Structure formats: C-alpha cells, structure tokens
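Structure first, commentary second.
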Amino acid sequence: VASLGTVDHVTLTTGQTVSLTQAQYLDPAVQTALGKITNLSTVGIAVTGATVANASTLANAAVVKSIQVVDSASNLSNASLDSLNLIASKIASVAIANGQSITLTAAQMTSDAAILAKFAAGVSYNVTNVLAANAGSVVANTKVASVSIVDSAANVATSLDALQNVAASGKLNAIALSVTCHEPDPRG
Numbered sequence: 714v715a716s717l718g719t720v721d722h723v724t725l726t727t728g729q730t731v732s733l734t735q736a737q738y739l740d741p742a743v744q745t746a747l748g749k750i751t752n753l754s755t756v757g758i759a760v761t762g763a764t765v766a767n768a769s770t771l772a773n774a775a776v777v778k779s780i781q782v783v784d785s786a787s788n789l790s791n792a793s794l795d796s797l798n799l800i801a802s803k804i805a806s807v808a809i810a811n812g813q814s815i816t817l818t819a820a821q822m823t824s825d826a827a828i829l830a831k832f833a834a835g836v837s838y839n840v841t842n843v844l845a846a847n848a849g850s851v852v853a854n855t856k857v858a859s860v861s862i863v864d865s866a867a868n869v870a871t872s873l874d875a876l877q878n879v880a881a882s883g884k885l886n887a888i889a890l891s892v893t894c895h896e897p898d899p900r901g
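Positions 714 to 901 (the numbering used here) are the ones given, in order, by the sequence shown.
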C-alpha cells in the first residue's frame, strides 16, 4: 500500500477489506497511500495486532471496521476491560500475548460481557471483589481460575460451607474482610 507514490487514486472492489497491522496503519506513509483509495470508507480497514493503548484511537477512525487486539494480561485487566467494552462492536477478537490470566472484578464479569465474549479460547479470569454468597456461582464459570472474596465477617460466616467448597476446588485465592465504619451517634 505504501508504494502508491505516483498513483492518483485507487478504487477497491466492493466487499474487499484492507488488512493492516497496527504499526502499518499508524505509519504516516501508509496513511498517505490510504488517502488515495476512493472508496475506503465503504470497504474499510481491519487492523491486526492492536494494543489496548491504541484500540480506542483505532475504533474512532471511521474507516476502521474491525480490530484484533493482542496485548499482555496486565494491559488487558481491570480498567482496560471497561475501555475495550465501550468499543466492543469494532473489536473482532482479543488475545493475550503472554498467555496469562486476566484480572477483573466480579462486577466486570457482567458489565464487560461484550468484550469478554471476544477473548480467544483458553483465557482464564482471576476475579476480585467477589461477595461470599456469590463465590460458588462465580467459580462455576469454567473460565474462572481464582476468586478473591471481599465481604463482611458476618457474610463470610454465613457462606462458610460454600466457601469451603470453593477452597476445595483450588480456586479460592483470598478472603478479605470488609469493615464498615459508622459515625458516632451525635446524641451521645
């Protein structure tokens, strides 16, 4: 694509997609060449090998029709999932470059479901901020590698039998007791 120096314009066949790596797409010379494609907005670009850091920028480009994200587990965890979920309609797939588990909260298992569905087979989750009462159902998800419970002592005690089953499965990572601070009664 970058070698179109003296070409005035190019029209692609309907139904074609230009496939570029992230590095190619971000190259100014390639951008110049892409500008010579008269019907680029209708055929579109598929970007492969995109990082989380560039995914939103790529998704905001009208000519980019799909993005394949490949990044490290740490870059794909927590807040990054929320960002990717916002552009999930343009994400074709997500792969973990280093093969490790991603970390997400229990709430993200639901709120970021659109992007989680795009992850390649074999990905596993380390789920944090799981309520004691929900530990069994979270662990029932076959992608869950571990759970970390954060709940009150009373709720942990109430769910102790279920938590013992989670521990026996080898998926219980930690239990942290949450503390609720109360303001002193102003009446004394």
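Every residue, glycine too, gets a C-beta built ideally from N, C-alpha and C.
Predicted, not measured: the structure shown is a model, and the values here were computed from it.
Distances from the alpha-carbon of K831 to those of N854, L797, N842 put L797 closest. When the five nearest sequence neighbours on each side are left out, the beta carbons in the same chain lying within less than 8 Å of the beta carbon of K778 are those of T730, G757, I758, A759, K803, in order along the chain. The beta carbon of A786 sits closer than 7 Å to the beta carbons of I809, N811, Q813, S814, I815 from its chain, once the five residues preceding and following it are set aside; these are given in chain order. Taking C-beta atoms under 8 Å as the contact rule, K856 and S837 qualify, at a distance of about 6 Å. Taking 8 Å as the cut-off, the beta carbon of V807 is found closer than this to the beta carbon of I828.
Listed in chain order, the alpha helix (DSSP H) runs fully inside the stretch 809-880 are 819-824, 826-829, 848-852, 866-871, counting runs of at least 4 residues.
Within the DSSP secondary-structure output, V782 pairs in a beta bridge with A763, V807. DSSP places S796 in the uninterrupted alpha helix (DSSP H) bounded by 792-799. Under the DSSP assignment, T734 falls in the beta strand (DSSP E) whose first and last residues are 731-734. Approximately 5 Å separates the beta-carbon atoms of V879 and V852; this is inside 8 Å, confirming the contact. With respect to the C-alpha of V723, the residue from A742, T751, Q737 having the closest C-alpha is T751.
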